[in-house]
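Quick note: to get the working numbering, add 164 to the position in the sequence shown (first position is 1). The block underneath contains the structure these notes are about, expressed in structure tokens.
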Amino acid sequence: MYLTKKSRLLKDPHDIRMCDNSASSSVVFVGIPWDGAVAGRPGARLGPAKIRTAFCNLPKRVDVEDLGDVDVVIGDPAETWQRVEKTFRSLKDRQQILVAGGDHSVTPYVYRGLSEGRKISYVVLDAHFDLRTVSEGLTSGMATRLVKESGGDIPITVIGIREWSNPSYMFSLADKMGIEYYTIEQVHKLGLEEVADRVYQQHKNYKAYLSIDIDVVDPAFAPGVNAPSPGGLTSREVLILVSHLSKALRPIAVDTVEVSPPYDVGDITSNLAAVLLYTSIWSR
Ligand SMILES: [Mn+2]
């Protein structure tokens, strides 16, 4: 008799949350529980469940349709990435797509699915360039390179680069590849609004994809990540930056990747990822 599948302890009928009364919507939420490309600290496969739980608990501002998770295949990256690409190709008509990763290797395949037949620019918040080519095995540190290879002549901007977390050859490689970047020092000097405005000027003629590698945030605020890098944004700063970028760019898709719940403390990293996705909904 006193059994419930929605075990919310707070009994306030006027407090409607994101996943209450879920309806079909042009804004959708998709999880990708995959960390098969991580060379460092695994666990991002558990990210979508945690991020979804936190997201669903936020106050309702707009209807978001939860489409569930991409059906990944453990141990088979090629099949998984193909499924990711096909899934997002079928979602091209949605107004805004919110993606909860997963390691960063899924982003290029989300991007490929969505950019079929059209040019989409790419903005990424990340401590790392992600321009690697490895001689053996896999890495989630190749996302920006793969987006560049499939996107062609599109603006690409990386925000939050740490000098101490990237091999020195990558700075010149980024220049050679025509990839614009802001180091964390430049972000600090210019200010968040100025950076967002400059990025807007670069991308304003395109539909944009916004990827948020949660390691752009300082490990003090986001410890649950694959590759933590000291000296990052505070949680407040990243929220301000994502708010500015989303309002200006109106991105067709936003992902939060690299959240690794086993390394998290009190779910603060997955909570931050959920609030970042929520903040990015420009139609709300
Ligand atoms: Mn990173």
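We treat Cβ as the ideally placed atom computed from N, Cα and C, and that holds for glycine.
Starting from residue 166, trace the alpha helix (DSSP H) both ways and give me its first and last residue.
Residue 166 sits at position 2 when you count from the first residue of the sequence shown. Neither: residue 166 is in no alpha helix (DSSP H) and is coded neither H nor E.
Contact defined as beta carbons within less than 8 Å: I believe residue 370 pairs with residue 283. What is the distance between those atoms, to the nearest angstrom?
Sequence index remark: in the sequence shown, residue 370 carries index 206 (1-based). Sequence index remark: in the sequence shown, residue 283 carries index 119 (1-based). Going by Cβ atoms, the distance from residue 370 to residue 283 rounds to 6 Å, so yes, they are a contact pair.
Taking the CB atoms as reference points, tell me whether residue 267 and residue 390 lie closer together than 9 Å.
As a first step, residue 267 is located in the sequence shown; it is residue number 103 there, counting from the start. As a first step, residue 390 is located in the sequence shown; it is residue number 226 there, counting from the start. Cβ atoms of residue 267 and residue 390: closer than 9 Å.
Should the stretch 398-414 be regarded as contacting the stretch 302-315, the criterion being three or more beta carbon pairs within less than 8 Å?
Cβ pair count under 8 Å is below three, so no.
Spatial neighbours of residue 199 within its chain, please: C-beta separation below 6 Å, excluding the five flanking residues on both sides.
Reading the sequence shown from its first residue, position 35 is the one you call residue 199. Contacts found: 206, 208, 209, 267.
Ignore the nearest five residues each way along the sequence and tell me which others in residue 189's own chain have a CB closer than 8 Å to its CB.
Sequence index remark: in the sequence shown, residue 189 carries index 25 (1-based). Same-chain partners within the cutoff: 226, 227, 228, 229.
Of the residues 215, 279, 385, which one's Cα is nearest the Cα of residue 318?
The count along the sequence shown starts at 1 and reaches residue 318 at position 154. Of the listed residues, the one whose Cα sits closest to residue 318 is 279.
Please report the distance separating the alpha-carbon of residue 185 from that of residue 360.
Walking along the sequence shown from the start, residue 185 turns up at place 21. Walking along the sequence shown from the start, residue 360 turns up at place 196. If I take the Cα positions, the gap works out to 35 Å.
Quick one, are the C-beta atoms of residue 243 and residue 274 less than 9 Å apart?
Mapped onto the sequence shown, residue 243 falls at position 79. Mapped onto the sequence shown, residue 274 falls at position 110. For residue 243 and residue 274, no; Cβs fall outside 9 Å.
Which same chain residues end up closer than 6 Å to residue 444 when comparing Cβ atoms and leaving out the 5 residues on each side of it in sequence?
If you number the sequence shown from 1, residue 444 lands on position 280. Answer for residue 444: 406, 410, 418, listed in chain order.
Quick check on the DSSP output: the alpha helix (DSSP H) that includes residue 249 runs from which residue to which?
As a working note, residue 249 is residue 85 in the sequence shown. Per DSSP, residue 249 belongs to the alpha helix (DSSP H) from 241-253.
May I ask you to check if the CB of residue 355 is nearer than 8 Å to at least one heavy atom of ligand 1?
Translated into positions along the sequence shown, residue 355 becomes position 191. Residue 355 Cβ: outside cutoff for every heavy atom of ligand 1.
What distance in whole Å lies between the Cβ atoms of residue 285 and residue 178, which are believed to be in contact at a cut-off of 8 Å?
Position 14 of the sequence shown holds residue 178. Position 121 of the sequence shown holds residue 285. The Cβ separation is near 41 Å, so there is no contact.
Provide the residue span of the beta strand (DSSP E) that contains residue 442, from first to last.
Taking the sequence shown and counting its residues from 1, one reaches residue 442 at position 278. It is not in any beta strand (DSSP E) - residue 442 instead sits in the alpha helix (DSSP H) that spans 432-444.
What is the DSSP secondary structure of residue 380, reduced to helix, strand or coil?
Counting from one through the sequence shown, the residue named residue 380 turns up at place 216. It is helical.
With distances taken Cα to Cα, identify the nearest neighbour of residue 272 among 339, 287, 259.
For the purposes of this step, residue 272 is taken as the residue at position 108 of the sequence shown. For residue 272, the closest of 339, 287, 259 by C-alpha to C-alpha distance is 287.
Are the Cβ atoms of residue 322 and residue 251 separated by less than 9 Å?
Residue numbering aside, residue 322 sits at position 158 when the sequence shown is read from its first letter. Residue numbering aside, residue 251 sits at position 87 when the sequence shown is read from its first letter. Cβ atoms of residue 322 and residue 251: not closer than 9 Å.
Can you give the Cα-Cα distance for residue 277 and residue 166, rounded to whole angstroms?
Translated into positions along the sequence shown, residue 277 becomes position 113. Translated into positions along the sequence shown, residue 166 becomes position 2. Taking the straight line from one Cα to the other gives about 45 Å.
Count the other CB atoms, across all protein chains shown, that sit within 10 Å of the CB of residue 173; report buried if there are 16 or more and exposed otherwise.
The count along the sequence shown starts at 1 and reaches residue 173 at position 9. Residue 173 comes out exposed.
With a cut-off of 8 Å on the beta carbons, I'd call residue 434 and residue 393 a contact; round off their distance for me.
For the purposes of this step, residue 434 is taken as residue 270 along the sequence shown, with counting starting at 1. For the purposes of this step, residue 393 is taken as residue 229 along the sequence shown, with counting starting at 1. Incorrect: roughly 18 Å between the Cβ atoms, too far for contact.
To which residues of the same chain is residue 183 closer than 7 Å at the C-beta, ignoring the five residues directly before and after it?
Counting from one through the sequence shown, the residue named residue 183 turns up at place 19. For residue 183, the CB contacts under 7 Å within the same chain, skipping 5 residues up- and downstream, are 220, 230 in chain order.
With three or more beta-carbon pairs closer than 8 Å as the criterion, would you say the stretch 421-439 touches the stretch 376-389?
yes
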